[in-house]
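Shown next, in structure tokens, is the structure this report addresses.
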Amino acid sequence: MTLGQVLLVAALAVPAVGAAVVAAVPRDRAARLVGTAAAGLTLLATAALATGDRGWTAYGPAPALRPWHRLDVSWVPGLDLRFHLGVDGISYPLVVLTALLTLLCCAYTVWKVPDGGGSGRALVALLLVVEVGILGTFLALDLVLFFLFFEVVLLPMYAVIAGWGGPDRRRAARKFALYTLLGSVLLLVGVYVVVAAAGTADLVALTGGAGLSRGTQLAAFALLGLAFAVKSPLWPLHSWLPDAHTQAPTVGSVVLAGVLLKMGTYGLIRVAVGVAPEGARWAAPALGVLAVAAILVGSLVCLAQGELKRLIAYSSVGHMGFVLLGVATLTATGIQAALIGNIAHGVITGLLFFLAGAIKDRAHTGELAELSGLRETAPRLAGLLGFAAVASLGLPGLAGFWGEAFAVVAAVERGGPLWTTLGVLAAVGGALTAAYLLRLLRRVTHGPPSPVVGRLAPGLAAAELTAWAPLVLLALAVGLAPTLVLGVAADPVAALLEAVLP
Amino acid sequence: MSLVQSVDNVALLPAYLAAGTAVLVLLADLLVARAAATVAVAAAGSVATALGSAVVGAGGERATFCVGPDCSYVFGGRAALVGALFALLTLGVLALSGPSLRAGRSPVGEYCFLLACAMTGGVVLGAAGDLITLIVALETLTLPLYVLVGLRRGSVASAEAAVTFFVVSVVATTLTLLGAALLYAVTGGLHLDRVGALFAERPELLDVPLTTAAVALVLLGLAFKVAAVPFHAWAPATYDGAPLPVAAYLSTASKLGGVVALLAVVQHALPARVTGPVLAGLAVLTMTVGNLVALRQHRTVRLLAWSSVAQAGYVLAPLGALALAAGRSDDARAAAYAAAVAYVVFFVIVELAAFAALVALRPAGADGGTVDDLRGAARRRPWVGAAFALALIGLAGLPPGLAGLFAKVTVVRALLDGGAGWLALVVAVNAVIGLAYYLRLATRLYAAPAPALPADAAPTPPLSADAAPAPTLPTGAAPAPTPTPALPADAAPAPARPTEAVPAPVHPGVAVVATLAVATLVAVVVGFAPQLVLDLAAR
Numbered sequence: 006m007t008l009g010q011v012l013l014v015a016a017l018a019v020p021a022v023g024a025a026v027v028a029a030v031p032r033d034r035a036a037r038l039v040g041t042a043a044a045g046l047t048l049l050a051t052a053a054l055a056t057g058d059r060g061w062t063a064y065g066p067a068p069a070l071r072p073w074h075r076l077d078v079s080w081v082p083g084l085d086l087r088f089h090l091g092v093d094g095i096s097y098p099l100v101v102l103t104a105l106l107t108l109l110c111c112a113y114t115v116w117k118v119p120d121g122g123g124s125g126r127a128l129v130a131l132l133l134v135v136e137v138g139i140l141g142t143f144l145a146l147d148l149v150l151f152f153l154f155f156e157v158v159l160l161p162m163y164a165v166i167a168g169w170g171g172p173d174r175r176r177a178a179r180k181f182a183l184y185t186l187l188g189s190v191l192l193l194v195g196v197y198v199v200v201a202a203a204g205t206a207d208l209v210a211l212t213g214g215a216g217l218s219r220g221t222q223l224a225a226f227a228l229l230g231l232a233f234a235v236k237s238p239l240w241p242l243h244s245w246l247p248d249a250h251t252q253a254p255t256v257g258s259v260v261l262a263g264v265l266l267k268m269g270t271y272g273l274i275r276v277a278v279g280v281a282p283e284g285a286r287w288a289a290p291a292l293g294v295l296a297v298a299a300i301l302v303g304s305l306v307c308l309a310q311g312e313l314k315r316l317i318a319y320s321s322v323g324h325m326g327f328v329l330l331g332v333a334t335l336t337a338t339g340i341q342a343a344l345i346g347n348i349a350h351g352v353i354t355g356l357l358f359f360l361a362g363a364i365k366d367r368a369h370t371g372e373l374a375e376l377s378g379l380r381e382t383a384p385r386l387a388g389l390l391g392f393a394a395v396a397s398l399g400l401p402g403l404a405g406f407w408g409e410a411f412a413v414v415a416a417v418e419r420g421g422p423l424w425t426t427l428g429v430l431a432a433v434g435g436a437l438t439a440a441y442l443l444r445l446l447r448r449v450t451h452g453p454p455s456p457v458v459g460r461l462a463p464g465l466a467a468a469e470l471t472a473w474a475p476l477v478l479l480a481l482a483v484g485l486a487p488t489l490v491l492g493v494a495a496d497p498v499a500a501l502l503e504a505v506l507p
Numbered sequence: 012m013s014l015v016q017s018v019d020n021v022a023l024l025p026a027y028l029a030a031g032t033a034v035l036v037l038l039a040d041l042l043v044a045r046a047a048a049t050v051a052v053a054a055a056g057s058v059a060t061a062l063g064s065a066v067v068g069a070g071g072e073r074a075t076f077c078v079g080p081d082c083s084y085v086f087g088g089r090a091a092l093v094g095a096l097f098a099l100l101t102l103g104v105l106a107l108s109g110p111s112l113r114a115g116r117s118p119v120g121e122y123c124f125l126l127a128c129a130m131t132g133g134v135v136l137g138a139a140g141d142l143i144t145l146i147v148a149l150e151t152l153t154l155p156l157y158v159l160v161g162l163r164r165g166s167v168a169s170a171e172a173a174v175t176f177f178v179v180s181v182v183a184t185t186l187t188l189l190g191a192a193l194l195y196a197v198t199g200g201l202h203l204d205r206v207g208a209l210f211a212e213r214p215e216l217l218d219v220p221l222t223t224a225a226v227a228l229v230l231l232g233l234a235f236k237v238a239a240v241p242f243h244a245w246a247p248a249t250y251d252g253a254p255l256p257v258a259a260y261l262s263t264a265s266k267l268g269g270v271v272a273l274l275a276v277v278q279h280a281l282p283a284r285v286t287g288p289v290l291a292g293l294a295v296l297t298m299t300v301g302n303l304v305a306l307r308q309h310r311t312v313r314l315l316a317w318s319s320v321a322q323a324g325y326v327l328a329p330l331g332a333l334a335l336a337a338g339r340s341d342d343a344r345a346a347a348y349a350a351a352v353a354y355v356v357f358f359v360i361v362e363l364a365a366f367a368a369l370v371a372l373r374p375a376g377a378d379g380g381t382v383d384d385l386r387g388a389a390r391r392r393p394w395v396g397a398a399f400a401l402a403l404i405g406l407a408g409l410p411p412g413l414a415g416l417f418a419k420v421t422v423v424r425a426l427l428d429g430g431a432g433w434l435a436l437v438v439a440v441n442a443v444i445g446l447a448y449y450l451r452l453a454t455r456l457y458a459a460p461a462p463a464l465p466a467d468a469a470p471t472p473p474l475s476a477d478a479a480p481a482p483t484l485p486t487g488a489a490p491a492p493t494p495t496p497a498l499p500a501d502a503a504p505a506p507a508r509p510t511e512a513v514p515a516p517v518h519p520g521v522a523v524v525a526t527l528a529v530a531t532l533v534a535v536v537v538g539f540a541p542q543l544v545l546d547l548a549a550r
């Protein structure tokens, strides 16, 4: 085994073993520390995946998907399932983001276990299992394996929401589980539509269409697209998201918004577009229209939203709309915008949910009507919230800018009346985004302190700062140097589009 | 042709072992007259039967009772798998029966004897090569169950369940027999392969109306046995009224028997062009109705019963691919049969684990109770609760219940290979409906115990629920002789009350916990190595 293969296995095995150990350690706080250490090791392993030879040295025409490292072991030949992992420029940033957010969530849980009855130990174990599922989804190079990891996430996340969430958590968790299971069973059918027609589940061989007939590609894209649209989520299939985000505990919301939604957009780029390019071209206009609808609907709902977490949740619908618009254009600019938009949304919305959780924990309410004047009593918290909101609305120089601006640019570049209109409408949506985030800031941070805000202590715990600082720095870093993400993604995206658009 | 048949006794060894177990159990009960000895003999016999099946099956296909090329008893790979499964399920159910036997709810000797008889039927069923052997074996499997269902002393529900089961099952057998007779009239053959070959040679036979009637009757009769909708109405009432271990046997071994019989006739005898559409329709109806009704169940065993109705739909689904021309290529057919067998193997393992966990969580000899009775059970008994939750998740077909997940994947794959994408979508949507009630049950296990529930409120639901099956009886079996179960009705509450009113401390036997552990372990192993099951199923 090469170092790369060891790292690939370690990225999945460390959190899996970590979860088992956490469940076995009897003392709660020690278990949480062990879990955090496992998450830290996972981050190291995933970060180290960037090492090694990235060139493609094999003879013959280069395939459309050139993983830096890969591991390919037979698992269930009867079901065309191989344990086939790999990482490339499209998945690498998401892999590292997943490991980072999980580490921050585990560290945050060491400091504070959400109310709701469950033990912190179990929460950390579940977070690690969720991490295994998400990392596996991003690393899988076998369609069936991809589906398997896609499913792994579902029940642990359900348990996180149902076990540690807000007052209406059971309903929200059930809705989350049923909606996303609907998505993943469609994925199952889509996967085997492809496998039955192509005779292989190897994504490296399948990327670019692999001689699938037009009918198969349309059917496959319809199924896979629907599956990922539920997960992303795309309007009008988004209605599970606001409930789940609002009811989930802070760390659950962070993982949910930060990386879980990305499984949908990543799957759309890697699997749906990669495997059924003709289907993607066929469905692109519909996808674009729905994405812009999501942007507009998300922003308008946010403008009227009165609850802090719910507002941030709906803002995710809008932001993911930009990402999906970028994918729908099927241009290099658009897909790059989608990738960086994914990362930016993960970082910024993760931070926003951390901050919203901190405010709700302190004030015991998330109603905007009862919050005001935060900067008078808790200036640091208000400052960070301002930073995150401004980053989220897409101020140039911060991470949020690139994804949104270039999704619009890609749509306009694509040309034609439809795409130009979509670009313009998306730009209007961007303006609405700024409007609702500024409204949020005005309601929460400005004005005279409300009674609940007046009782707040000004300080921030060290654990909170530790958990938030990396996200603040990343939002700045990705904003100032987008090449951090785009540099590694440029070649794979070019190769993908070469195969997808002959 | 010689009139003296040479009998291959090695091929018959598993059947001898199973039948011998039954006889030995009877003798042990008569001569030794100690419960432990009787149970031990039955357990040893099941182990021997399982081993015998495996050993004989490993040596290649053996056939006996042959007339020319047609054999009535063919012990091949599938028969070995079925035989071993029946024996192991019998062993498992025997272990689960420990608490209720010790509680004196059922006579030990009769109980073990009947279980061993049912096992004999199951072992022969897997090897049946003609319609008569098949039907007789299926009846040998079912007949003891009528008695076992009604064996709980002093329970009206139990007696009612037995009568319902008996009446429905006998009607079903009659239908199958009539179908077999008509098939004989059309083809002049009873051996499965011979009938199949005749239909292949002379397709004009398919146009005879009598053929359609015969095929329909055989299929519908067997559909009763697997509790496929619309022939399912007996199952929930029967499962709920039966003692828990017998319900476990009904939903695993008995269901396996129905599936094996159905597969045998569909694979070897009946023309796919006729059976395909019927089975596709049955599959869609079965899983959809089963899942939808399960959503509204409040009694645990009823919920599991309806869920196992739905699961039968998933088993039948791959056979529905035969409805399409693309599904009738040899590869696709083989894949469909193998998928159905693989699904049923995955299913019985997980279902046995679920029932074992339920037995372990309920007081000795109690019935399944309501879903609310299980509230917070996993907090009191973390390991058993976790195993129950894992089994339920496996039935729903999600990780970490990988065995169930791969079962669903196998079915969907076989359907898409056969070109039946629409049926795959139906399966997929049903998996979502299924998750709703499995989750409800699983989360109830982890829910905080109800704070305001006084201790004396608990016995009320079981008592009222004991009477609950009564109204469903007329709908389940219209001609059921209601006066018979009405006789013990007056006496029933009296013996029931003392045992129910005292919240007996839950001490499941070691055997129950061991069964649960083994079933869970096997489910986990085949979850990580599903190829084992797929290979066995394809033999």
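The listed protein sequences correspond, in order, to chains A and B.
Going by the working numbering, 42 is the number at position 37 of the first sequence; the sequence numbering is gapless.
Going by the working numbering, 538 is the number at position 527 of the second sequence; the sequence numbering is gapless.
For glycine and all other residues, C-beta sits at the position ideal for the given N, C-alpha and C.
These figures come from a predicted structure and were not determined experimentally.
Reducing DSSP to helix, strand and coil, say where residue i ends up.
| i | result |
| --- | --- |
| Ala-439(B) | helix |
| Arg-310(B) | strand |
| Ser-108(B) | coil |
| Glu-312(A) | strand |
| Thr-7(A) | coil |
| Phe-411(A) | helix |
| Glu-72(B) | coil |
| Thr-493(B) | Only weak support is given to the placement of Thr-493(B): the predicted model assigns it a pLDDT of 36, under 50, and the value that follows is read from those uncertain coordinates. Three-state DSSP puts Thr-493(B) in coil, outside helix and strand. |
Strictly below 8 Å CB to CB, what residues from chain B border residue i?
| i | result |
| --- | --- |
| Glu-183(A) | Strictly speaking, residue 183(A) in this sequence is Leu, with Glu absent from that position. Ordered by position in chain B, the residues that pass the 8 Å Cβ test against Leu-183(A) are Val-443, Leu-446 and Ala-447. |
| Arg-167(A) | Going by the sequence as given, residue 167(A) is Ala instead of Arg. Neighbours of Ala-167(A) on chain B, chain order: Thr-454. |
Along chain B, in chain order, which residues have C-beta atoms closer than 7 Å to that of residue i?
| i | result |
| --- | --- |
| Glu-156(A) | Leu-409, Pro-410 and Leu-416 |
In the DSSP assignment, find the unbroken alpha helix (DSSP H) run with residue i in it and report its ends.
| i | result |
| --- | --- |
| Ala-386(A) | Residue identity check: residue 386(A) is Leu in the sequence provided, not Ala. Here the alpha helix (DSSP H) through Leu-386(A) covers 384-397. |
| Gly-5(A) | Outside the shown range of chain A, which is 6 to 507, sits residue 5(A), and nothing can be said about it. |
| Ser-79(A) | Per DSSP, Ser-79(A) belongs to no alpha helix (DSSP H); it is in the beta strand (DSSP E), 74-81. |
| Phe-151(A) | 148-157 |
| Ser-169(B) | 167-198 |
| Asp-341(B) | 341-372 |
Going along chain B in order, which residues have a C-beta closer than 9 Å to the C-beta of residue i?
| i | result |
| --- | --- |
| Arg-126(A) | In chain order: nothing, as chain B lies at least about 13 Å away. |
| Arg-32(A) | Simply none; closest approach about 16 Å. |
What are the boundary residues of the beta strand (DSSP E) that includes residue i?
| i | result |
| --- | --- |
| His-89(A) | 86-92 |
Just to check my reading of the structure: residue i and residue j have Cβ atoms closer than 8 Å, yes? What is that Cβ distance to the nearest angstrom?
| i | j | result |
| --- | --- | --- |
| Gly-23(A) | Leu-133(A) | 5 Å |
| Ala-389(B) | Leu-446(B) | So it is not a contact: roughly 18 Å between Cβ atoms. |
| Pro-463(A) | Pro-384(A) | 7 Å |
Starting from residue i, find everything on chain A with Cβ-Cβ shorter than 7 Å and list it in chain order.
| i | result |
| --- | --- |
| Gln-542(B) | Val-81, Pro-82 and Gly-83 |
| Arg-424(B) | Leu-84 and Tyr-197 |
Name the residues in the region 69-90 of chain A whose C-beta lies less than 7 Å from a C-beta of chain B; which are they? Val-81, Pro-82, Gly-83 and Leu-84
So if I threshold CB-CB distances at 7 Å, which residues from the region 188-216 of chain A count as touching chain B? Val-190, Leu-191, Leu-193, Val-194, Tyr-197, Val-198 and Ala-201
Residues of the region 375-393 of chain A with Cβ closer than 8 Å to any Cβ of chain B, in chain order: none
Please identify, using Cβ separations under 8 Å, the residues of the region 219-236 of chain A that lie next to chain B, in order along the chain. Ala-224
Which residues of the region 7-18 of chain A have a Cβ closer than 9 Å to any Cβ of chain B? Give them in chain order. none
In the region 296-308 of chain A, which residues sit with their C-beta less than 7 Å from some C-beta in chain B, listed in chain order? none
Residues of the region 386-407 of chain B with a CB closer than 8 Å to any CB of chain A: list them in chain order, please. Ile-404
Residues of the region 133-150 of chain A in Cβ contact with chain B at a cutoff of 7 Å, in chain order, please. none
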